[in-house]
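Chemist: Below is a structure I'd like to ask you about.
Number of protein chains: 2
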Amino acid sequence: MTTHTPVGRPLRPTGKFLQEDSRRHHRSLLLQQLFREGPASRADLSRSSGLTRVTVSDLVKAMLAEGLVAELGAPAESRVGKPPTLLGLSVDSTHVIGIDLSATDRFTGAVLNLAGEVQARHEVSLDGATGTAAVALVHALATDLIGMTERPVLGVGVGSPGVVDATGTVIDAPNLAWSGMPLAASLAETLGVPVFVANDANTAVLGEHTFGESGDGGLLVLRVGTGVGAGLVLGGSLLHGHLGAAGEIGHVVVDTEGERCACSRVGCLETVLAVPRLRRRLEEAGADAAQVLTQAGEQLGTALAPVVGMLNLHEIVLSGPTELLDGPLRDAADRTIRARTMPVSSEGLLIRTSTLGEDVVIVGAAVLVLAGELGVS
Amino acid sequence: MTTHTPVGRPLRPTGKFLQEDSRRHHRSLLLQQLFREGPASRADLSRSSGLTRVTVSDLVKAMLAEGLVAELGAPAESRVGKPPTLLGLSVDSTHVIGIDLSATDRFTGAVLNLAGEVQARHEVSLDGATGTAAVALVHALATDLIGMTERPVLGVGVGSPGVVDATGTVIDAPNLAWSGMPLAASLAETLGVPVFVANDANTAVLGEHTFGESGDGGLLVLRVGTGVGAGLVLGGSLLHGHLGAAGEIGHVVVDTEGERCACSRVGCLETVLAVPRLRRRLEEAGADAAQVLTQAGEQLGTALAPVVGMLNLHEIVLSGPTELLDGPLRDAADRTIRARTMPVSSEGLLIRTSTLGEDVVIVGAAVLVLAGELGVS
DNA sequence: GGAATATGTAAGTACGCTCAACTAACTAAT
DNA sequence: ATTAGTTAGTTGAGCGTACTTACATATTCC
């Protein structure tokens with residue numbers, strides 16, 4: 001569940017509940033059940049949602065008419081009483097577009113079904129484009145992707161670098177020379193479908209939360225690439241922060257005697273952890289590679305320990321080149337965090353690498369759409 | 378808005394919305410408006426809530442009957458059209474009990490009205506009581522306080538040390554020798570009114586959020602006393618954390634070469650910042666007092682910088698002895714945080730000391746009740 | 001004094017859900 | 001084979017909530 005504002009549909013400014021909202025909420029409840037737990041009968045849905053069988057039947061009737069769910073017949077094994085009719089999410093009834101703008105050299109995207117499975121991929125080369133030229137590339141990529149599916153498109157999700165506000169305006173993305181760029185609004189107008197834009201680390205955490213193997217507690221995804229950023233899901237919803245700048249951990253100083261950073265400070269986490277720096281340092285170290293990774297992990301752990309103590313996180317996922325992250329670095333980070341926090345903070349904590357790999361951002365962008373349009377995540 | 382479970386009334390396990398919920402929600406919307414912005418007419422409420430005047434009239438009628446709001450007549454200045462009838466919250470229609478268990482030597486409490494104003498105080502001396510003896514003291518204190526007001530009591534809120542779960546059970550509070558103590562349930566049974574229990578730092582942040590001069594972004598309250606703990610309000614609601622242990626920053630290591638802590642680790646934030654340690658170190662330092670405070674502030678800043686970067690907080694409030702916190706210490710923390718985070722993280726950030734003083738926990742405990750019972754905060 | 005403007009109420013309507021009662025389809029016991 | 005018991009899903013009446021429409025009321029502006 002995100003609090004992102006869908007662009008391309010009217011939004012209610014107040015907190016009032018109409019009956020209509022109630023119905024949409026209950027519909028989401030049923031969809032969520034089918035989405036997470038797989039096929040179920042109307043009676044099952046009634047039990048899990050707390051709604052009466054009558055109401056469930058009515059909601060299901062509407063969703064059957066839409067084609068969003070389908071009847072799958074009776075289950076194999078049979079028990080006492082009339083056998084139920086199983087209902088399942090029609091994962092190909094509509095498709096979703098997910099787009100990742102976080103790579104430095106190209107924009108990638110995919111068509112996904114409602115189960116988050118990639119149906120088709122496409123990408124455009126950036127060739128140094130910035131500003132409106134880069135926006136044009138996003139438009140082209142999105143249009144191409146929509147053309148690649150026969151199915152109706154539920155919406156388009158975009159994971160962009162930089163700070164993105166809740167309306168899908170990119171406040172500031174230095175690499176693309178975007179500043180106050182209303183990306184969601186402009187895409188929605190061109191494409192005629194709902195568009196959601198969020199920071200790439202934020203979409204990554206959504207992807208991991210929904211399609212990774214994660215639990216229900218607080219989840220932090222740390223994206224390690226050219227830069228370092230993080231996304232947080234707390235209490236089931238994405239954290240935005242006061243100015244939409246939550247997760248900006250890359251330029252937190254971790255070593256006052258470290259290297260100078262592009263941001264003009266000394267010893268930012270990025271100077272320790274960003275892939276180019278880490279690779280260079282590994283080369284320099286030669287045989288002492290493990291040592292370098294361990295040290296980086298310790299510094300990461302030092303930066304994360306206060307966050308872990310403060311938020312009582314359940315899971316930290318490292319997303320980036322596995323050969324760098326999934327060894328001494330992760331172990332050192334894990335060890336450091338546990339050494340620096342109370343047992344009550346760290347004992348429920350799991351630190352692992354991403355299960356979604358390269359696609360985290362794309363999949364997460366799709367989740368943005370699923371959550372916004374169907375209330376599913 | 379907290380997600381605390383009121384004890385003393387049935388709770389709905391599912392996420393379904395009844396019409397009843399809708400009505401309660403809209404009622405809260407109106408109360409919230411009156412609570413935060415002061416008197417308003419039915420027409421004003423209609424505009425701010427988005428509900429029709431008809432619906433507002435109906436809801437107001439019910440609240441008038443309950444005595445929760447009152448008609449205040451027409452406003453002084455008049456404009457075109459029929460003059461409105463102002464409505465105001467009847468801040469003394471019911472009273473609320475707030476209790477603070479965080480002091481080491483006594484339990485304090487107060488009767489407050491709906492505006493959070495203290496009407497009467499009472500306290501009991503702890504005299505080393507722990508376990509069930511301490512629970513008995515809480516019961517006695519609560520009973521006494523309820524007896525001190527003529528008004529009906531909306532509920533009882535308690536700020537307890539230790540880790541408290543969402544049902545008001547104290548999971549672990551070493552100083553009181555409580556472990557898995559169902560405080561809210563036991564109080565609710567004895568007192569016959571709704572009871573809410575939360576960690577003292579959590580109630581403090583609620584108090585500061587609702588009755589302090591704070592904005593709407595993320596708020597962190599750091600309680601500095603015998604120990605050090607924090608509470609967080611993000612997106613308008615209290616953060617609990619995976620196991621209800623959010624805010625446990627006191628035993629995060631900030632100085633690996635520091636003093637040994639009671640928790641067996643070395644250099645926890647508490648060893649630097651807890652009042653007894655700080656006082657002792659100030660005595661030892663003599664004339665170099667400012668130096669000691671500056672250093673403590675720097676270490677605090679070092680611990681908080683990653684949190685600020687990660688959460689993009691709007692406000693950090695230091696709560697504790699002002700003579701220690703509100704000078705070189707705060708300045709150093711402020712400076713250190715800004716030096717160690719990006720401008721985008723820190724420029725919207727305000728670091729200040731508490732405006733509520735000693736009463737933060739008591740007032741926050743009352744907010745727990747207001748939020749839970751009236752949906753107001 | 002009449003037009004314009006704004007507040008608040010009354011009556012009727014739409015919608016979403018519930019309850020109670022039903023039909024349908026199966027298993028288990030006699 | 002018959003009957004009882006169980007579970008699934010549907011039907012129709014009713015209730016609660018908020019909406020729309022229409023109106024009474026009270027004031028300012030001209």
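In the order they appear, the protein sequences are chains A and B. The opening position of the first sequence corresponds to residue 1 in the numbering used here, with each subsequent residue numbered one higher. The opening position of the second sequence corresponds to residue 378 in the numbering used here, with each subsequent residue numbered one higher. Where is the CB? At the ideal position from N, CA and C, for every residue including glycine.
Residues of chain B with a CB under 8 Å from the CB of SER249(A): which are they?
Modeler: In the sequence as displayed, the identity of residue 249(A) is Ile instead of Ser. Near ILE249(A) (Cβ distances below 8 Å), the residues of chain B are PRO683, GLY686, MET687.
Chemist: Return no unless some Cβ of chain B is closer than 7 Å to the Cβ of LEU329(A).
Modeler: no
Chemist: What residues in the segment 717 to 744 of chain B have a beta carbon less than 7 Å from any beta carbon of chain A?
Modeler: ARG717, THR718, MET719, VAL721, SER722, GLY725
Chemist: How would you write the range of the alpha helix (DSSP H) that GLU150(A) sits in, first residue to last?
Modeler: Unbroken run through GLU150(A): none, as it is neither H nor E.
Chemist: My guess is that PHE378(A) and ALA185(A) are in contact by the Cβ rule of under 8 Å, so how many angstroms apart are they, rounded?
Modeler: Shown here, chain A extends from 1 to 377; a query on residue 378(A) therefore has no answer.
Chemist: For ASP172(A), which of GLU248(A), ARG36(A), GLU150(A) has the nearest alpha-carbon?
Modeler: GLU248(A)
Chemist: Within 10 angstroms of its Cβ, does VAL457(B) collect 16 or more other Cβ (buried), or is it exposed?
Modeler: exposed
Chemist: In whole angstroms, give me the CA-to-CA distance for GLU634(B) and GLY644(B).
Modeler: For GLU634(B) and GLY644(B), the distance between alpha carbons rounds to 6 Å.
Chemist: Measure the beta-carbon distance from ASP326(A) to THR353(A) and round it to whole angstroms, keeping in mind my assumption that it falls under 8 Å.
Modeler: 4 Å
Chemist: With a threshold of 7 Å between beta carbons, is SER399(B) in contact with chain A?
Modeler: yes
Chemist: Is there at least one Cβ from chain B nearer than 7 Å to LEU89(A)'s Cβ?
Modeler: Interface criterion not met: the Cβ of LEU89(A) is under 7 Å from no Cβ in chain B.
Chemist: Counting Cβ pairs closer than 8 Å, one from the segment 142 to 155 of chain A and one from the segment 93 to 110 of chain A, do we hit at least three?
Modeler: yes
Chemist: If you draw a straight line from the alpha carbon of ASN552(B) to that of THR580(B), how long is it in whole angstroms?
Modeler: 18 Å
Chemist: Can you find a CB in chain A that lies within less than 7 Å of the CB of PHE394(B)?
Modeler: yes
Chemist: Among GLU315(A), GLY162(A), ARG27(A), which one has its Cα closest to the Cα of SER102(A)?
Modeler: GLY162(A)
Chemist: Mind checking GLY604(B): buried by the 16 CB within 10 Å criterion, or exposed?
Modeler: buried
Chemist: Tell me, to the nearest whole angstrom, how far the beta carbon of THR341(A) is from that of HIS628(B); I am working on the premise that it is less than 8 Å.
Modeler: Their Cβ separation, rounded to whole angstroms, is 7 Å, which keeps THR341(A) and HIS628(B) in contact under 8 Å.
Chemist: Can you list the residues of chain B that LEU273(A) reaches, using a CB-CB cut of under 7 Å?
Modeler: What LEU273(A) touches in chain B: nothing, since even the nearest Cβ is about 13 Å away.
Chemist: I'd like to confirm the pairing. Which residues does DSSP put opposite ALA497(B) in its beta bridges?
Modeler: VAL488(B)
Chemist: Would you kindly report the start and end of the unbroken beta strand (DSSP E) that includes VAL455(B)?
Modeler: One point to set straight first is that residue 455(B) is Ser, not Val, in the sequence displayed. Counting along the chain, SER455(B) falls outside any beta strand (DSSP E), and DSSP gives it neither H nor E.
Chemist: Since CYS640(B) meets chain A, which of its residues come closer than 7 Å, beta carbon to beta carbon?
Modeler: Neighbours of CYS640(B) on chain A, chain order: MET342.
Chemist: Could you give the distance in angstroms between the alpha-carbon of VAL721(B) and the alpha-carbon of PRO83(A)?
Modeler: Distance between the alpha carbons of VAL721(B) and PRO83(A) is about 59 Å.
Chemist: Name, please, each residue of chain A whose Cβ falls closer than 7 Å to the Cβ of HIS691(B).
Modeler: Scanning chain A for C-beta atoms nearer than 7 Å to the C-beta of HIS691(B) yields HIS242, reported in chain order.
Chemist: Tell me which residues share the same chain as VAL376(A) and place their Cβ nearer than 7 Å to its Cβ, disregarding the 5 neighbours each side in the sequence.
Modeler: Result list for VAL376(A): SER28, LEU31, GLN32, PHE35, LEU370, in chain order.
Chemist: So, is the C-beta of LEU428(B) closer than 7 Å to a C-beta in chain A?
Modeler: yes
Chemist: Along the chain, where does the beta strand (DSSP E) that runs through MET181(A) open and close?
Modeler: 178 to 181
Chemist: Give me the Cα-Cα distance between PRO383(B) and LEU646(B), rounded to the nearest whole angstrom.
Modeler: A caution first: PRO383(B) carries a pLDDT of 43, below 50, which makes its placement in the model unreliable, though a value can still be read off. In a straight line, the C-alpha of PRO383(B) is about 33 Å away from that of LEU646(B).
Chemist: If you reduce the DSSP assignment to three classes, tell me which class SER327(B) lands in.
Modeler: The requested residue 327(B) is not part of the displayed model; chain B covers only 378 to 754.
Chemist: May I ask you to report which of helix, strand or coil DSSP gives THR211(A)?
Modeler: It should be pointed out that residue 211(A) corresponds to Phe in this sequence rather than to Thr. Three-state DSSP puts PHE211(A) in a helix.
Chemist: Using a cut-off of 7 Å between C-beta atoms, extract the partners of HIS499(B) located in chain A.
Modeler: Within chain A, no residue comes near HIS499(B); the closest Cβ sits about 32 Å away, beyond 7 Å.
Chemist: Enumerate in chain order the residues of its own chain whose CB-to-CB distance from ALA201(A) is below 6 Å, with the five nearest sequence positions on each side excluded.
Modeler: ARG223, GLY229, ALA230, GLY231, GLY247
Chemist: By Cβ distance below 6 Å, which residues in the same chain neighbour VAL124(A) in space, the five residues on each side in sequence not counted?
Modeler: PHE107, LEU137, LEU141
Chemist: Does the beta carbon of GLY297(A) sit closer than 7 Å to a beta carbon anywhere in chain B?
Modeler: no
Chemist: Let me make sure I understand the geometry here. Which of ALA682(B), GLY678(B), GLY734(B) has the alpha-carbon closest to that of GLU585(B)?
Modeler: GLY734(B)
Chemist: Taking its Cβ as the centre, do 16 or more other Cβ atoms sit within 10 Å of ARG637(B), making it buried, or is it exposed?
Modeler: exposed
Chemist: So VAL473(B) packs on GLY532(B), CB below 8 Å; how close in whole Å?
Modeler: Right, the Cβ-Cβ distance comes to about 6 Å (below 8 Å), so this counts as a contact.
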